[in-house]
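Chemist: Questions regarding the structure given below will be posed in turn.
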Amino acid sequence: MGSAIGQVLPLAVGVALSPLPIIAVVLMLTTPRARTNGPAFVLGWLAGLGVVGAVVLLVAGPHASSGGSPATWVSWLKLVLGLGVLVVAVRNVGKRPHGDEQPEMPKWMGAIDRFGPGRAIGTAAVLAGVNPKNLLLAVAAAAAIAQTGIPGGQQVVAYLVFAVIGTLGVGLPVVVYLTMGERAPVLLGHLKTWLGRNNAVILAVLCAVIGVKLVGDAISGFAG
């Protein structure tokens, strides 16, 4: 199980460092429903990652390893996923705002002050499990775990570790809000501003590194 967790740690960090969802949860923490919507968003994020992992492990788990050796199709899947992540990286190159230009945010963020807990959960689940970058990384993580051939229970634990680490990005602002009192709005405000201006750069670099890793893992799998 240790090997499986080691393989998915970089992917979990890639999911955790998702600037727009972090900005979204920070905005929620400035609304009157912050104490309910913030934790609800974190719960929805975990649920979104959990659904993706459950589907991949159920479908791929029994077929990802044969006789103790990883199945070749998983290497092909890693190659496709790695190329997909590299496409996300390329799409974000050059999108960083210049000068006094304000970063463009999704229109749905303008309605965050009207969110209830249910909508916070649903939005987070979509951002975690349907957003292209996170979907690719979650599928890659579940496939990598299944490929190790460890028992089903251990696969679930390894994916749970991935999901928990992948939730730290949206979870830490909630912890800051709940524990730091009057200092929290200032810290979270600086975080939101910095992420807004550097969102594209963060995604481009992060996806480039992880995409190359997945492609490298696929090539190693073919060679083995």
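Numbering (the working numbering), first residue to last: 841 to 1064. Idealized CB from N, CA, C, for every residue including glycine.
Of the choices 1016, 882, 1036, whose alpha-carbon is the least far from that of residue 944?
Modeler: Translated into positions along the sequence shown, residue 944 becomes position 104. Of the residues 1016, 882, 1036, the one whose Cα lies closest to the Cα of residue 944 is 1036.
Chemist: Report the residue from 845, 842, 860, 854 whose alpha carbon sits nearest the alpha carbon of residue 963.
Modeler: Here the question's residue 963 lines up with position 123 in the sequence shown. The candidate whose alpha carbon is nearest that of residue 963 is 860.
Chemist: If you follow the alpha helix (DSSP H) that residue 885 is part of, which residue opens it and which one closes it?
Modeler: For the purposes of this step, residue 885 is identified with residue 45 of the sequence shown, where counting begins at 1. Here the alpha helix (DSSP H) through residue 885 covers 874-900.
Chemist: Starting from the C-beta of residue 961, find all residues in its chain whose C-beta is less than 8 Å away, skip the five residues before and the five after it, and write them out in chain order.
Modeler: Taking the sequence shown and counting its residues from 1, the one referred to as residue 961 is at position 121. Same-chain partners within the cutoff: 880, 881, 883, 884, 887.
Chemist: Tell me which residue opens and which closes the alpha helix (DSSP H) that residue 1041 is part of.
Modeler: As a first step, residue 1041 must be located in the sequence shown, where it is residue number 201. Here the alpha helix (DSSP H) through residue 1041 covers 1024-1063.
Chemist: Under 8 Å, with one C-beta from each stretch per pair, do the segment 915-922 and the segment 993-1004 reach the 3-pair mark?
Modeler: no
Chemist: What alpha helix (DSSP H) runs, 4 residues minimum, are completely inside the segment 918-983?
Modeler: Listed in chain order, they are 957-969.
Chemist: Can you name, in chain order, every residue of its own chain whose Cβ lies under 6 Å from the Cβ of residue 998, other than the five neighbours on each side?
Modeler: The count along the sequence shown starts at 1 and reaches residue 998 at position 158. The residues 841, 844, 845, 985, in chain order, have a CB closer than 6 Å to that of residue 998 in the same chain once the five nearest residues on each side in sequence are set aside.
Chemist: On the premise that residue 982 lies in contact with residue 892, defined as a C-beta separation below 8 Å, what is that separation, rounded to the nearest angstrom?
Modeler: If you number the sequence shown from 1, residue 892 lands on position 52. If you number the sequence shown from 1, residue 982 lands on position 142. Rounded to the nearest angstrom, the Cβ distance from residue 892 to residue 982 is 7 Å, consistent with a contact under 8 Å.
Chemist: Report all residues from its chain with a CB closer than 7 Å to the CB of residue 876; omit the five preceding and five following residues, and keep chain order.
Modeler: Translated into positions along the sequence shown, residue 876 becomes position 36. Taken in chain order, the residues that qualify are 957.
Chemist: Between residue 929 and residue 1044, how many whole angstroms is the CB-CB distance? I'm expecting something under 8 Å.
Modeler: Your numbering for residue 929 matches position 89 in the sequence shown. Your numbering for residue 1044 matches position 204 in the sequence shown. Right, the Cβ-Cβ distance comes to about 5 Å (below 8 Å), so this counts as a contact.
Chemist: Taking only three categories from DSSP, how would you classify residue 858?
Modeler: For this step, residue 858 is matched to residue 18 along the sequence shown. When DSSP states are grouped into helix, strand and coil, residue 858 belongs to the coil group.
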